[in-house]
Amino acid sequence: MTWIIAIIMGGVIGWLASIVMRTDAQQGIFLNIIVGCIGSILGRFLFGSFLGGGHLRGDAFDPMTLLTAFIGAVILLGIVNLVRRGRVR
């Protein structure tokens, strides 16, 4: 059950990050899930010690976990935009 919650929360976080970075029209639900889950790992790696975020699998509804996952997803989309287009939107 925790995997299903992590996938759903990853999809929501990836979708919100794609709206912020204006890449929503280019991505589907599958890429939103991937961006949200990888962004969660990236955010936990970069900001977990500062903000105290946990895993999407264990603490999916913790506000700090959601914040670190969202920040990580936005950073991930910024890196992807930088590699694809040579600039961040």
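This note's numbering applies: residue 2 is where the sequence shown begins, and numbers increase by one. All C-beta atoms in this analysis are idealised placements derived from N, C-alpha and C, irrespective of residue type, glycine included.
How many Å lie between I42 and Q27 at the Cα?
I42 and Q27 have their C-alpha atoms roughly 22 Å apart.
Go through its chain and collect everything with a Cβ distance to L17's Cβ below 7 Å, but skip five positions before and after it.
Around L17: F71.
Is it the case that the Cβ atoms of M10 and G37 are separated by a distance below 9 Å?
Yes. Within cutoff.
Of the residues T24, V13, W4, M2, the one placed nearest R85, counting alpha carbons only:
Ranking the options by Cα distance to R85, first place goes to T24.
Contact check, N33 vs G15 under 8 Å by CB: the rounded distance?
Rounded, the Cβ-Cβ distance is 4 Å, consistent with contact.
Rounded C-beta distance between G40 and L77? I'm assuming under 8 Å.
Right, their Cβ atoms sit about 5 Å apart.
Taking the CB atoms as reference points, tell me whether V21 and V81 lie closer together than 9 Å.
Cβ atoms of V21 and V81: not closer than 9 Å.
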